[in-house]
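Enquirer: From first to last, the protein sequence lines are chains A and E. For the first sequence, position 148 matches number 148 in the working numbering, and the numbering has no gaps at all. Position in the second sequence (from 1) plus 1000 gives the number in the working numbering. What follows is a single structure, and I will ask about it in a moment.
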Amino acid sequence: MRILVVEDDAEAAAYLAKGLRESGYVVDHADNGMDGLYMATNEPYDAIVLDRMLPRLDGLAVVETLRKAGKQTPVLILSALGEVDARVQGLRAGGDDYLAKPYAFSELLARLEALLRRGEGPTQQTRLTVGDLEMDLLARQVTRSGKPIALQPREFRLLEYLMRHAGQVVTRTMLLENVWDYHFDPQTNVIDVHVSRLRQKVDKDFEKALIHTVRGAGYCLREAD
Amino acid sequence: MFALLSSFVLGLVYWTTAALIDRQTVTAINTEMAGLQDIYERGGTASLVAAIENRVTGYQGYHHIYILAPREGPSVVGNLREWPTVPPDRNGWLHFSVEAESEGRRQVWPAQARIVHLSSGLWLMVGRDMTERTGFARIMEQSLAFALGAALILGVIGGIVMSRNLLSRIDQVNRTARTILEGDLSGRVPVSGSGDEFDRLALNLNSMLDRIQKLVSAMREVTDNIAHDLRSPLNRMRSRLEITLVGTPDPDEYRKSLEGALEDTDAILHTFNALLSIARIEGRNATETFEPVDLTDLAAGTVELYEPVAEERGQTLTFTPPDFGKAAVVNGDRHLLTQTAANLVDNAIKYTPEGGRIRVWVDPARDSVRLVVADSGPGIPEEFRGAVLNRFVRLEQSRHTAGTGLGLSLVAAVADLHGARLDLLDNAPGLRVDLVFPEKAVRAATEAEDGAS
Chain A
1 MRILVVEDDA EAAAYLAKGL RESGYVVDHA DNGMDGLYMA TNEPYDAIVL DRMLPRLDGL
61 AVVETLRKAG KQTPVLILSA LGEVDARVQG LRAGGDDYLA KPYAFSELLA RLEALLRRGE
121 GPTQQTRLTV GDLEMDLLAR QVTRSGKPIA LQPREFRLLE YLMRHAGQVV TRTMLLENVW
181 DYHFDPQTNV IDVHVSRLRQ KVDKDFEKAL IHTVRGAGYC LREAD
Chain E
1001 MFALLSSFVL GLVYWTTAAL IDRQTVTAIN TEMAGLQDIY ERGGTASLVA AIENRVTGYQ
1061 GYHHIYILAP REGPSVVGNL REWPTVPPDR NGWLHFSVEA ESEGRRQVWP AQARIVHLSS
1121 GLWLMVGRDM TERTGFARIM EQSLAFALGA ALILGVIGGI VMSRNLLSRI DQVNRTARTI
1181 LEGDLSGRVP VSGSGDEFDR LALNLNSMLD RIQKLVSAMR EVTDNIAHDL RSPLNRMRSR
1241 LEITLVGTPD PDEYRKSLEG ALEDTDAILH TFNALLSIAR IEGRNATETF EPVDLTDLAA
1301 GTVELYEPVA EERGQTLTFT PPDFGKAAVV NGDRHLLTQT AANLVDNAIK YTPEGGRIRV
1361 WVDPARDSVR LVVADSGPGI PEEFRGAVLN RFVRLEQSRH TAGTGLGLSL VAAVADLHGA
1421 RLDLLDNAPG LRVDLVFPEK AVRAATEAED GAS
């Protein structure tokens, strides 16, 4: 997987590149908007991590130009502007996700992986399966090893999100944003409580746990290794 | 300007008075002439001569002037010996001077007269001395000149005084500006109390300065608070890293220390972000992100999010929607209001002991909407209720609880942005927080919805 990092802060870019390489990605770096746009247009990248404030060409302009040129490469916008309005602007310009600085690398990685996998598989699935856990999206029913599991509507959506991102790390913020559509940092870790409730229903009576806690990052739904 | 105006008024007075005197003179002469003609027609020349003689005899001066005489030659009767040498004007009036001895001196009087031809072949002239008229003109001219001079002098003096006053008041503004530039923000422009434009300027400048001073002190407070609340975790992190480096190299130890440092950083960032959003909300005045927000949905969503947390702590968290059909829609920023509701519920859960009860409800009244979060916790003593809205204030009893201590300050800032009132009440026992949206917010929401549909 090839990632383009467009970031003018050399040190931040170096750390980011190092982290991504250690996670198994091939990383190219551009330190201004013009070069970034040029590279993004001419090289086949799987995803772009784009700083919003860049010399020569602003990050939002880079995304807009890219989208007008018909390039659909997933773009994760990084910005020091964390306000909801700024986020909306970024997404409207054509960005696929938005992360405010300072960010945790684990958060960035989780979001980037979600973007990279998004293109995979048919989107119009009616059935999700992870190991012996099955979800029927039409009948809105969940079974594990054939045994039905009764879930509240919100629990269903939470599990659906985890199953759609099976094998990936999803952070608490990603869950809060995608399952609840809340864009703020709750003081208490409400997400943990919701996940542990879900665990009670999905994992408790079974030998192998499917929902795993990833320390310092979030959660991951996968078949036990 | 003043001089011009006053000379214009005086000129007008002069002109009208002169015209009046002229008219009176003309009328008097005409009446006298008519009277004498009447005498002549009834009694002939003899009666006329007698009448004029009667008028002239014993009469000193030339207030009344009479001549009865042939066209050429000496007068038959009258107090003037010869015809005046001036020609009559267009209306048949003669304006001339009379020279005569009076009180031992030679004097000249201005006069005006008319001449009529009688059927006997004699000519009759009746006239009047115009001294009064001329005297009046002279007096008017003098007073006009005097008034003009006085007006000029007064105008100049008044102008100087006024501009002095003006300049001194501008100077007061300047002096205030200078004190503020020198760093003393408490300086204010003096207000004279007369309520004039300068007073209004001073009042506006002063309220602007009040606002600036408030903002500056709020900023100073933020800086102090950042220093206070960020310095200790930063210091803790620094010590942790330093001690790890000093100790014997041990990968496990290093890892533990780094993980601890990471946790410290997250806590610091959390506080920092909270402070930043409060500052941004407080510095904002645009309502461009406002839209109609249904408080019922918002509160229900928040309660749903926190319900498992409360349950885990053995508390009951319930939401009571308003009576069926009653809308609780206000004009506001959806994200900020959601965060506000979350903060209130979060606080209630945090400070309510196990087994406690937290109730959330929305109360739409006719002219306001209330969002209420009531708990059965220890509550806040009345004397501290104002203080808890300030940043970082946490009552001593709650020092051990996790959190930045910024939750309620954010709520207060959001309430302020929405023009809503934040009431901290006694729930007996516990705390009840009321967020009261004014009629304005409710009406704006209705209008926005009507406009959209």
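In this text, a Cβ means the ideal position worked out from N, Cα and C, and glycines have one as well.
#1: Could you check which residue in E:W1083, E:G1283, E:W1361 has the C-alpha nearest to that of L1215 of chain E?
#2: Does DSSP classify A217 of chain A as helix, strand or coil?
#3: Provide the residue span of the alpha helix (DSSP H) that contains P1308 of chain E, from first to last.
#4: Going by beta carbon distance, what residues of the same chain come within less than 6 Å of G131 of chain A, once the five residues before and after it are set aside?
#5: Note down the Cα distance separating A1412 of chain E from E1182 of chain E, rounded to an integer number of angstroms.
#6: Note down, in chain order, each residue of its chain lying with its Cβ closer than 8 Å to the Cβ of I1065 of chain E, except the 5 sequence neighbours on either side.
#7: At a cut of 8 Å, does the stretch 1263-1278 of chain E reach the stretch 149-160 of chain A through at least three beta carbon pairs?
#8: Which value, in whole angstroms, describes the spacing of the CA atoms of S1119 of chain E and W1093 of chain E?
#9: When the distance is taken between beta carbons, is F1319 of chain E closer than 9 Å to V1360 of chain E?
#10: How many angstroms separate the CA atom of D1472 of chain E from the CA atom of V170 of chain A?
#11: P102 of chain A touches chain E at which residues, Cβ-Cβ below 7 Å?
#12: Determine which residues share a DSSP beta bridge with P148 of chain A and list them.
#13: Which partner residues does R1128 of chain E have in the DSSP bridge list?
#14: Which of the three DSSP states is assigned to D1323 of chain E in this structure?
#15: Taking C-beta to C-beta, are P1292 of chain E and V193 of chain A nearer than 9 Å?
#16: Would you identify the three-state DSSP class for T171 of chain A, choosing helix, strand or coil?
#17: Looking at the C-beta of Y98 of chain A, does it have a partner C-beta in chain E at a distance below 9 Å?
#18: Should F184 of chain A be flagged as near chain E, meaning a C-beta pair shorter than 9 Å?
#19: In its own chain, which residues sit with a C-beta less than 8 Å from the C-beta of E43 of chain A, not counting the 5 before and 5 after it?
#20: Please state the DSSP three-state secondary structure of E1291 of chain E.
#21: Straight-line CA distance for E1396 of chain E to L1230 of chain E?
#22: Closer than 8 Å to a non-hydrogen atom of the ligand MN - does that hold for the CB of T1248 of chain E?
#23: Counting pairs of Cβ atoms below 8 Å between the stretch 1257-1270 of chain E and the stretch 1298-1306 of chain E, do you hit three or more?
#24: For a cutoff of 9 Å on Cβ pairs, would you count H1400 of chain E as touching chain A?
#25: Evaluate G24 of chain A with the Cβ neighbour count: other Cβ atoms within 10 Å of its Cβ, from every protein chain shown; 16 or more gives buried, anything less gives exposed.
#26: Determine, for V169 of chain A, whether the minimum Cβ-Cβ distance to residues of chain E falls below 9 Å.
#27: DSSP has Y98 of chain A in a bridge; who is on the other side?
#28: If we call anything under 9 Å between Cβ atoms a contact, is D1266 of chain E one with R1236 of chain E?
#29: With 9 Å set as the bound, which would you pick, yes or no: does the beta-carbon of D85 of chain A sit closer than that to a beta-carbon of chain E?
#30: Where do the ends of the beta strand (DSSP E) carrying E134 of chain A lie?
#31: Is the shortest distance between the beta-carbon of E1197 of chain E and the beta-carbons of chain A less than 9 Å?
#32: Quick test of your reading: I1039 of chain E and A1051 of chain E, contact by CB under 8 Å. State the CB separation rounded to the nearest angstrom.
#33: Going along the chain, which residues of its own chain have a beta-carbon closer than 7 Å to the beta-carbon of L1241 of chain E, five neighbours each way excluded?
#34: One question on the structure: do L81 of chain A and V75 of chain A come within less than 9 Å of each other, judged by their Cβ atoms?
#35: Is there a Cβ from chain A that is less than 9 Å from the Cβ of Q1315 of chain E?
#36: Could you pull out every residue in the same chain whose Cβ sits closer than 7 Å to the Cβ of R1211 of chain E, ignoring the five residues on either side in sequence?
Expert: A quick look at the data gives this:
#1: The shortest Cα separation from L1215 of chain E among E:W1083, E:G1283, E:W1361 belongs to E:G1283.
#2: Looking at A217 of chain A - three-state DSSP - the assignment turns out to be coil, as it is neither helix nor strand.
#3: 1295-1312
#4: E223
#5: 33 Å
#6: G1078, N1079, L1080, V1098, A1111, A1113, M1125, V1126, G1127, R1128, D1129
#7: no
#8: C-alpha separation (whole angstroms): 20 Å.
#9: yes
#10: Look at the range of chain E in this structure, 1001 to 1453, and you will see that residue 1472 of chain E is not part of it.
#11: L1269
#12: DSSP, once it has assigned bridges, lists A:T143 as partnering P148 of chain A.
#13: E:H1064, E:Q1112
#14: It is coil, neither helix nor strand.
#15: Cβ atoms of P1292 of chain E and V193 of chain A: not closer than 9 Å.
#16: Looking at T171 of chain A - three-state DSSP - the assignment turns out to be strand.
#17: no
#18: yes
#19: R2, L4, D28
#20: Strand.
#21: The predicted position of E1396 of chain E is uncertain, since its pLDDT is 42 and thus under 50; no value can be drawn from it.
#22: The ligand MN is not part of this structure, which contains no ligands at all.
#23: no
#24: With a pLDDT of 41 at H1400 of chain E, under the threshold of 50, the modelled position of this residue cannot be trusted, and the question is left open.
#25: G24 of chain A sits exposed, since fewer than 16 C-beta atoms from the chains shown fall within 10 Å of its C-beta.
#26: no
#27: A:I77
#28: no
#29: yes
#30: 133-136
#31: Not an interface residue.
#32: 5 Å
#33: These residues qualify, in order along the chain: S1257, A1261.
#34: no
#35: no
#36: Excluding positions up to five away in sequence, the list is empty.
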